[in-house]
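Engineer:
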Amino acid sequence: MVLDFFKKVQQILQEEKRLILLVVIANEGSSPGRKGFKMIVSRQQMYGTIGGGIMEHKLVEYAEKLLQKPRFEPFIKHQIHDKSAPKDQSGMICSGQQTIAFYDIDSSYFSLTEEILSDEVIALYYSNHGIEIDAPKNYKWLYSESNSFAQKAYIIGGGHVGLALSEVLSKLNFEIHLLDHRENLNTMTANHFVQSKEVVEFESIENHIPEGDNIYVIIMSFGYRTDDIIIRRLLDKKFKYIGMLGSATKINTLFKNLISDGFDESQIKKVQAPVGINIKSETTYEIAISIAAQLINVKNRN
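Quick note on numbering: the sequence shown equals residues 1054 to 1355 in my numbering.
(1) Tell me which residues share the same chain as residue 1180 and place their Cβ nearer than 7 Å to its Cβ, disregarding the 5 neighbours each side in the sequence.
(2) Quick one, which of 1168, 1213 and 1215 has its alpha-carbon nearest residue 1200's?
(3) Rounded to whole angstroms, what's the CA-CA distance from residue 1339 to residue 1290? Just pull it up for me.
(4) Between the C-alpha atoms of residue 1257 and residue 1288, what's the straight-line distance to the nearest angstrom?
(5) For residue 1144, is the classification buried or exposed, using 16 other Cβ atoms within 10 angstroms of its Cβ as the cut-off for buried?
(6) Cβ of residue 1091 within 8 Å of Cβ of residue 1072?
(7) Relative to the alpha-carbon of residue 1213, which residue among 1239, 1223 and 1235 has its alpha-carbon at the smallest distance?
(8) Using beta-carbon positions only, say whether residue 1166 and residue 1094 come within less than 8 Å of one another.
(9) Provide the residue span of the beta strand (DSSP E) that contains residue 1167, from first to last.
(10) For the beta strand (DSSP E) containing residue 1252, name the first residue and the last one.
(11) Are the beta-carbon atoms belonging to residue 1208 and residue 1129 less than 8 Å from one another?
(12) By the three-class DSSP mapping on this structure, what secondary structure does residue 1134 have?
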């Protein structure tokens, strides 16, 4: 995640004053390093990845040598994952290729890291001019990203599965919001993986979740009655994903009642229920992983 990564950049700058930042700015085919992958190399530590394997090992060694030399201007290296390539061979054979930008980061970047880690949503531009928050002009190469989370997950239900799902999604670049109607719920209090948590009335749940093509809604409230209240208020909303936890029997009964009450059957079919992919989940973490896998599938194939 961008914020976690730049927290580490800031920490290493405080400790060591200088580091090399490697950023994958482009990729094609089956490249192990994808656009946006990043890695820090300093004299004492490494953090992140640009794709792993012999390529990463080779470029880390290269960055370590750069740290022994005078400061440099940003540059890029192409890596082709094919041993038959006439040049720029990465040493890997997985096919595809990627381009890595190298940045010499010192204390002059400290103010930039402060802006990145602020509450303000900003765009970051990686180019031959450096890393900036204003779009550069006359650049030779460019990659941009935001310091905010692209995907937002709204988990309705702060119980044990909600806690486990929050932890799993926190590793997957989701901004997580937790909603429940129960006061002083211990599993909600223990949930430190979310960006926000709120006790709300489910009868007005629609007021707490925005619509959008980056919004993922996962309903896992205490029981049938509350699930029914929630789904009736969210069914006509436009989300990237909406799913509901529960047994097939419960889901079928709930959906039949919705149809009997005149709800649009095409909208009902959009609800992923029972939620998650079928991996015969039994524990809370297995359920959480099955749901996270389904969200990843939706995110990556659309």
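By construction, the Cβ of each residue, glycine as well, lies at the ideal position given by its N, Cα and C atoms.
Keep in mind it's a predicted model, so treat the numbers as computed, not measured.
Structural biologist: Concretely, from the data shown:
(1) Numbered from its first residue, the sequence shown carries residue 1180 at position 127. For residue 1180, the CB contacts under 7 Å within the same chain, skipping 5 residues up- and downstream, are 1189, 1192, 1194 and 1195 in chain order.
(2) For the purposes of this step, residue 1200 is identified with residue 147 of the sequence shown, where counting begins at 1. Looking at the Cα atoms, 1168 is the closest of the given residues.
(3) Position 286 of the sequence shown, counted from the first residue, corresponds to residue 1339. Position 237 of the sequence shown, counted from the first residue, corresponds to residue 1290. Whole-angstrom Cα-Cα distance: 29 Å.
(4) For the purposes of this step, residue 1257 is identified with residue 204 of the sequence shown, where counting begins at 1. For the purposes of this step, residue 1288 is identified with residue 235 of the sequence shown, where counting begins at 1. C-alpha separation (whole angstroms): 13 Å.
(5) As a first step, residue 1144 must be located in the sequence shown, where it is residue number 91. Exposed, since its Cβ has fewer than 16 Cβ neighbours within 10 Å.
(6) The sequence position of residue 1091 within the sequence shown is 38, counting from 1. The sequence position of residue 1072 within the sequence shown is 19, counting from 1. In this structure, residue 1072 does not lie closer than 8 Å to residue 1091 by Cβ.
(7) Against the sequence shown, residue 1213 aligns to sequence position 160. Answer by Cα proximity: 1239.
(8) As a working mapping, residue 1166 is identified with position 113 in the sequence shown. As a working mapping, residue 1094 is identified with position 41 in the sequence shown. Judged by beta-carbon spacing, residue 1094 lies beyond the 8 Å limit of residue 1166, meaning their Cβ atoms are not closer than that value.
(9) Along the sequence shown, one-based indexing puts residue 1167 at 114. Counted as a single uninterrupted DSSP element, the stretch harbouring residue 1167 is not any beta strand (DSSP E) but the alpha helix (DSSP H) occupying residues 1163-1169.
(10) Here residue 1252 refers to the residue found at position 199 when the sequence shown is read from its first residue. Start and end: 1249-1252.
(11) The sequence position of residue 1208 within the sequence shown is 155, counting from 1. The sequence position of residue 1129 within the sequence shown is 76, counting from 1. At least 8 Å separates the beta-carbon of residue 1208 from that of residue 1129.
(12) Against the sequence shown, residue 1134 aligns to sequence position 81. Coil.
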